[in-house]
Structure formats: structure tokens, C-alpha cells
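Data block below; observations after.
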Amino acid sequence: MCADNANTDFDPQTLKELDNKFDHQLNAIKGQKDVSAPSFFRWVQNVLLYLLGILAIVVAPFLLLVRTSVYGYSQFHLNGWLALVMSVLLTVLLLFGYALGVSLWYRQKFKIHRKIRYGILVLVTAYALYGLIYVSAENTKTKEAQRYYRQLHPILRISVATVTLADSDVVITDIQRRPEDYEQMGMDKNPESLHYPQSSGYVHAIDLRTKGRPEWKNWMLVISLRAMALQVSRHVGTADHLHVYLPLNY
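Residue 144 in our numbering sits at position 144 of the sequence shown; the count goes up by one each step and never skips.
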């Protein structure tokens, strides 16, 4: 009986059917592996999207703080200080939204702890005051530029504080000028220069160094400043620099 089974021959049709069943099962196993194991490209894509999302969350409050103040100042002709207060409040609301999202994610509660609310308010206010009052000597070319810092329009001061936070190599080369300064630089007097104190009581322009910096850093600096809705142009008068200014709103 065993010998008969061992010598049994399969006809060609049976062999073909068995072969088809084997191929079908093999393809099914391969398909399951493809579904359960994502490709390396998809993994890299997910990681990049995750990192970009984190970057957007971190950058958004700083961008909102400056951009909304510029918008309120230029489009609604608000006083610079009023526009800045408005942007501080909007930034606080955004951070409240972040805190609320975290609370809902971990605790499933539509509530922000009182200490967190106070902490956010203090943090944003402290950052704004820091940007308005202080600039490091490492970020100014001369003591004169550092001394004139508080003569700069408050929105520009917050902008400078923000870019120096991201790029510590940013150097302010010039803020306030007098007509005779142009003569000393061998240039024609510019009666419309925003480096002069304006009717607002503040200087509306600032120069930032480009010399000695990698060009990609200068490029990123220009993109950052324009993202804040500030006007930027590259000048090569006495030295290559970025001329950053806040147009008058009247």
C-alpha cells in the first residue's frame, strides 16, 4: 500500500493547479509583508513631517508676535505701542491654545491650570520687555549702536530680539544717523532717511552686517525678516549690509 502511494504520479493538470495555489499563497504572504512593513522612504517622510510640525509650532508664536504688530501698525495705522500690545495678547492666546491642546490630549479636560495661564502671561510679557530694553554688546558693532537701541521703533526692537534669538551672529552696524554722518561716509545727504528720528519719535531703520557671514545665513535672515512683514533691501554703500526698515504709516 505504501509502495503504491509512493509511486503514484500526478497528472499535468493536478500539478498545474498545485503550482497556481502555491503562487497565490506566496503572493499573499508578500502582500502582508508589504503592508506591515512600511518602506524606508515613507518612514523618512513621516519623520520629516513630524519635525516640520514641531518647528512650525515653535516658530509660530514669535512670528505672530512680530507680524501682527507690523500688520496692525501698517494696515490699521495703530500707534506702534498699541499694535505691539495687541500682538502680545494674540500670542498669549495662541500659547493658551497650545496648553489647552496638551491638556485635552493627556487629561481629556477642557481646562488650563491657573499657574500655567499665569506662566504664559509672564513669559510673553518678559520676552517683550527684554526685546524692548536690552540688546547684547555681541549683537552691536559699536557702543554707539548699542546706546541708540532704545531710539529704535519698538516693533523693530522686538524683531531684532527675535532674529538674534535664532541667529546669535546677527550684528547691528547702524541705527540712528545725522545728516553730517552721510558726509563723513562720502555719501549724499538723504533727507528722507528712516535712520533719522521720525515724527513718531523713533528711528524706523536698522542696518545688519552681511560681511563675513555665510551667504546662506544672510539668505535665511532676509527670509525671516520678510516673514515678519518687514521691508528688507541689500545695500552696498560704504559696506555690504541689510537695510531693514518699518515704513511710516501715515
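Ideal placement from N, C-alpha and C gives every residue a C-beta, glycine not left out.
Using the Cα positions of residue i and residue j, report the straight-line distance between them to the nearest angstrom.
i      : j      : result
Val102 : Leu95  : 11 Å
Gln184 : Leu51  : 49 Å
Ala227 : Ile158 : 14 Å
Thr68  : Leu48  : 28 Å
Pro197 : Arg178 : 9 Å
His153 : Ile223 : 21 Å
Ser233 : Tyr245 : 9 Å
Ala145 : Leu82  : 26 Å
Pro191 : Val85  : 31 Å
Gly201 : Arg150 : 11 Å
Ala128 : Val59  : 16 Å
Lys189 : Ser199 : 19 Å
Met187 : Ala166 : 33 Å
What residues in its chain sit with their C-beta under 8 Å from that of residue i, if we drop five residues either side in the sequence?
i      : result
Ser168 : Glu138, Asn139
Ile116 : Ala99
Ala229 : Val66, Arg67, Val70, Tyr71, Ser74
Gln231 : Val244, Tyr245, Leu246, Pro247
Ile57  : Tyr98
Would you kindly report the start and end of the unbroken beta strand (DSSP E) that includes residue i?
i      : result
Thr173 : 172-174
Gln231 : 231-235
Phe206 : In the sequence as presented, Phe is not what sits at residue 206; that position holds Ile. Element bounds for Ile206: 205-209.
Tyr50  : Note, Tyr50: premise wrong, no beta strand (DSSP E); alpha helix (DSSP H) at 40-75.
Tyr106 : Taken as a continuous stretch (DSSP letters only), Tyr106 belongs to no beta strand (DSSP E), being part of the alpha helix (DSSP H) at 80-107.
Leu242 : 241-245
Quick one: measure Cβ to Cβ for residue i and residue j, integer angstroms, because I've assumed they're closer than 8 Å.
i      : j      : result
His241 : Leu208 : 6 Å
Leu132 : Leu90  : No, Leu132 and Leu90 are not in contact; Cβ-Cβ is about 17 Å, not under 8 Å.
Val88  : Val135 : The Cβ separation is near 19 Å, so there is no contact.
What does a CB cutoff of less than 7 Å around residue i pick up in its chain, not counting 5 residues either side in sequence?
i      : result
Ile120 : Val92, Leu95, Phe96, Ala99
So the alpha helix (DSSP H) residue i belongs to, where does it begin and stop?
i      : result
Tyr127 : 114-133
Gln146 : 143-147
Would you say the stretch 73-87 touches the stretch 41-49, given that touching needs at least three Cβ pairs under 8 Å? no
Inter-stretch contact at 8 Å, needing at least 3 Cβ pairs: the stretch 137-152 / the stretch 168-176: yes
For the 8 Å Cβ check, are there 3 or more pairs between the stretch 148-165 and the stretch 234-243? They do not touch, by the three-pair rule.
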